[in-house]
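Asks:
Residue numbers (this note's numbering): 534 to 615.
1) Please classify residue 574 as buried or exposed, where buried requires at least 16 other C-beta atoms within 10 Å of its C-beta.
2) Can at least three beta-carbon pairs, one atom from the segment 584-592 and one from the segment 547-565, be found at a separation below 8 angstroms?
3) Identify the continuous alpha helix (DSSP H) that holds residue 583 and give its terminal residues.
4) Using a Cβ-Cβ cutoff of less than 8 angstroms, which residues in the same chain neighbour residue 608 once the five nearest sequence positions on both sides are dropped?
5) Helix, strand or coil: how does DSSP classify residue 555 here?
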């Protein structure tokens, strides 16, 4: 689960960079739920793995959380459209 959430977070981060381009801000409407699913996968990975193997899940959770925060800020700046 940790590796899946980490890869999910990397994909979301790449998508976030693309959505920062002007007139592509509508991609944030799809990006935020995508990153939220990645954060849920990471949380499951943190809860149900051993203490030694939680690093990847924590990194995935942090990446997905950053993407969610930046996506929400970007949508609020553009009025939810741009």
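Each residue gets a CB set at the ideal place from its N, CA and C atoms; glycine is no exception.
Replies: For this structure:
1) It is buried - the Cβ of residue 574 has at least 16 other Cβ atoms within 10 Å.
2) no
3) No alpha helix (DSSP H) contains residue 583, which DSSP labels as neither H nor E.
4) 558, 561, 562 and 565
5) coil
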